[in-house]
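Peer 1: Residue numbers (the numbering used here): 39 to 203.
Just dropping this structure here.
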């Protein structure tokens, strides 16, 4: 990590204000690892600067979300694909449902730890509902999906609707 070499080259011992400035810089530029590192050192030097209720960062992902989903117990439910196509094409078609695309875009375009809110004018299909539960557990974020009947709050692999949709 470059930070440790920078830390060693400083002509003075960094205090809590230096670590706070570095944390703020990392937050602005989206460097979550640097932000967490600087915040840890800042709080060690000045515990009064601890952020109350901070959501812990999920571990880094070394696999794609789809592989992690299958490893987490996701099995595509092709009953929700009404086209007369083969099984593999049905599984592929499920990946392009609008709520999944919205979640994928939200994950790559918003800062880590931020809640995603998605509004949809149709009902969420059962397969997407199960997939979103698993995605919320994998990415460690709260996902709020509004379909035409209710709000679904997905967090840690559970949905607020109690799987009644």
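Even glycine gets a Cβ: it sits at the ideal position worked out from N, Cα and C.
Keep in mind it's a predicted model, so treat the numbers as computed, not measured.
Could you tell me how far apart the beta carbons of residue 113 and residue 131 are, in whole angstroms, since I believe they sit closer than 8 angstroms?
Peer 2: Actually they are not in contact, since the Cβ atoms of residue 113 and residue 131 sit about 15 angstroms apart, beyond 8 angstroms.
Peer 1: Taking all protein chains shown into account, decide if residue 61 is buried (16 or more other Cβ within 10 angstroms of its Cβ) or exposed.
Peer 2: With 16 or more Cβ atoms within 10 Å of its Cβ, residue 61 is classed as buried.
Peer 1: Is it right to say residue 137 is buried, meaning 16 or more other beta carbons lie within 10 angstroms of its own, or is it exposed?
Peer 2: Flag for residue 137 reads buried.
Peer 1: Which runs of the beta strand (DSSP E) spanning at least 3 residues fall entirely within the region 124-167, listed in chain order?
Peer 2: With a minimum length of 3 residues, the continuous beta strand (DSSP E) runs that stay inside the region 124-167 are 154-157.
Peer 1: Helix, strand or coil for residue 121? Go by DSSP, reduced to three states.
Peer 2: Here residue 121 sits in coil by DSSP.
Peer 1: Counting pairs of Cβ atoms below 8 angstroms between the region 76-90 and the region 136-153, do you hit three or more?
Peer 2: Because the criterion of three Cβ pairs below 8 angstroms is not met, the region 76-90 and the region 136-153 do not touch.
Peer 1: How is the alpha helix (DSSP H) around residue 184 delimited, first residue to last?
Peer 2: Taken as a continuous stretch (DSSP letters only), residue 184 belongs to no alpha helix (DSSP H), being part of the beta strand (DSSP E) at 181-184.
Peer 1: Between which two residues does the beta strand (DSSP E) carrying residue 193 extend?
Peer 2: 189-193 is the extent of the beta strand (DSSP E) around residue 193.
Peer 1: Can you list, in chain order, the residues of its chain whose CB lies under 7 angstroms from that of residue 54, leaving out five sequence neighbours each side?
Peer 2: Cβ neighbours of residue 54 beyond the five flanking positions: 80, 83, 84 and 87.
Peer 1: Shortest alpha-carbon distance to residue 185 belongs to which of 58, 175, 172 and 199?
Peer 2: It is 199 whose Cα lies nearest to the Cα of residue 185.
Peer 1: Would you report the Cα separation of residue 194 and residue 65, rounded to the nearest angstrom?
Peer 2: Taking the straight line from one Cα to the other gives about 24 angstroms.
Peer 1: Using DSSP's beta-bridge definition, name the partner residues of residue 196.
Peer 2: Per DSSP, 193.
Peer 1: Please report the distance separating the alpha-carbon of residue 124 from that of residue 144.
Peer 2: Residue 124 and residue 144: Cα-Cα distance of roughly 30 angstroms.
Peer 1: Mark residue 165 as exposed unless 16 or more other C-beta atoms lie within 10 angstroms of its C-beta, in which case mark it buried.
Peer 2: Result: buried.
Peer 1: Starting from residue 71, follow the alpha helix (DSSP H) in both directions and report where the run begins and ends.
Peer 2: From DSSP, the alpha helix (DSSP H) with residue 71 extends over 70-83.
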